[in-house]
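Be aware that the sequence shown starts at 1492, since it is given in the working numbering, and climbs by one per residue. Here the structure is laid out as structure tokens; the discussion comes afterwards.
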Amino acid sequence: MSYCILDTRGLWIERVEQSSECLSLAFAQANIEKIMDNAEQRTLWTQAGALEIWTAQMVPDLPEAPFVIAHSGLDDGLYTQRDMIRIPMDASGTVAMELQCAGLPEPWRIEGERVRLRLDGNPRYVRHLEPEA
């Protein structure tokens, strides 16, 4: 089965926007791996977008942007995804995201009612990736 994943390790969050309904973590360039059926190599692409969480509740307080995500965990109510997000991602119900930001001692936890990965524009091809041994 062909699929795509967004690698959150090293993801540079350049802007944080928060309204009464939604928290948005915007990025200009995320690494996206495309894995195709029967292909020997995966491909690496980049694309801008944002992680959006509705009715977000955070512990501890929001770090100031910009910041880099070192590790992440996303619980969409069905699966827990570590250091990656499947594409497309739009899940409702009880959702939680835990972000370990580079340089901060404690992880940042966000809980909400919906999480969505919004991708903007067109993806840009970077290179083919060598097969894993």
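From the three backbone atoms N, C-alpha and C, an ideal C-beta is built for every residue, glycine too.
Taking buried to mean at least 16 other C-beta atoms within 10 Å of its own C-beta, is ARG1590 buried or exposed?
-> One-based indexing of the sequence shown puts residue 1590 at position 99. Note that residue 1590 is Leu in the sequence shown, not Arg. Label assigned to LEU1590: buried.
Span separating the alpha-carbon of GLU1602 from that of SER1563 = Locating residue 1602 in the sequence shown gives position 111, counting from the first residue. Locating residue 1563 in the sequence shown gives position 72, counting from the first residue. Rounded to whole angstroms, GLU1602 to SER1563 spans 13 Å at the Cα level.
Quick one: give me the first and last residue of the beta strand (DSSP E) that THR1585 is part of.
-> Numbered from 1 along the sequence shown, position 94 holds the residue referred to as residue 1585. Where THR1585 is concerned, the enclosing beta strand (DSSP E) stretches over 1581-1592.
Which first and last residues belong to the beta strand (DSSP E) in which THR1499 is found?
-> Taking the first residue of the sequence shown as 1, we reach residue 1499 at position 8. Annotation: THR1499 is outside any beta strand (DSSP E) and is labelled neither H nor E by DSSP.
Pick from ALA1517, THR1534, CYS1495 and LEU1502: whose alpha carbon is nearest that of GLU1621?
-> Along the sequence shown, one-based indexing puts residue 1621 at 130. Closest by alpha carbon: THR1534.
Contacts around TYR1616, its chain only, beta-carbon distance under 6 Å, and the 5 residues preceding and following it disregarded = Translated into positions along the sequence shown, residue 1616 becomes position 125. Closer than 6 Å at Cβ, skipping near neighbours: TRP1536.
Please report how far the alpha carbon of LEU1625 lies from the alpha carbon of GLU1531, in whole angstroms.
-> Shown here, the chain extends from 1492 to 1624; a query on residue 1625 therefore has no answer.
Apart from the five residues just before and just after ILE1526, which ones in its own chain have a Cβ nearer than 7 Å to its Cβ?
-> The residue labelled residue 1526 in the question sits at position 35 within the sequence shown. Same-chain partners within the cutoff: SER1493, TYR1494 and ARG1533.
Below 8 Å on the Cβ atoms is my guess for ARG1605 versus ALA1582; work out the distance and round it to an integer in Å.
-> Here residue 1605 refers to the residue found at position 114 of the sequence shown. Here residue 1582 refers to the residue found at position 91 of the sequence shown. ARG1605 to ALA1582, Cβ: 7 Å. Contact.
Please name the residue or residues paired with ASN1522 in a DSSP beta bridge.
-> Position 31 of the sequence shown, counting from 1, holds the residue named residue 1522. According to DSSP, ASN1522 bridges with ASP1498 and THR1537.
Any idea what DSSP makes of GLN1625, helix, strand or coil?
-> A question about residue 1625 goes unanswered here, because the residues of the chain that appear run from 1492 up to 1624.
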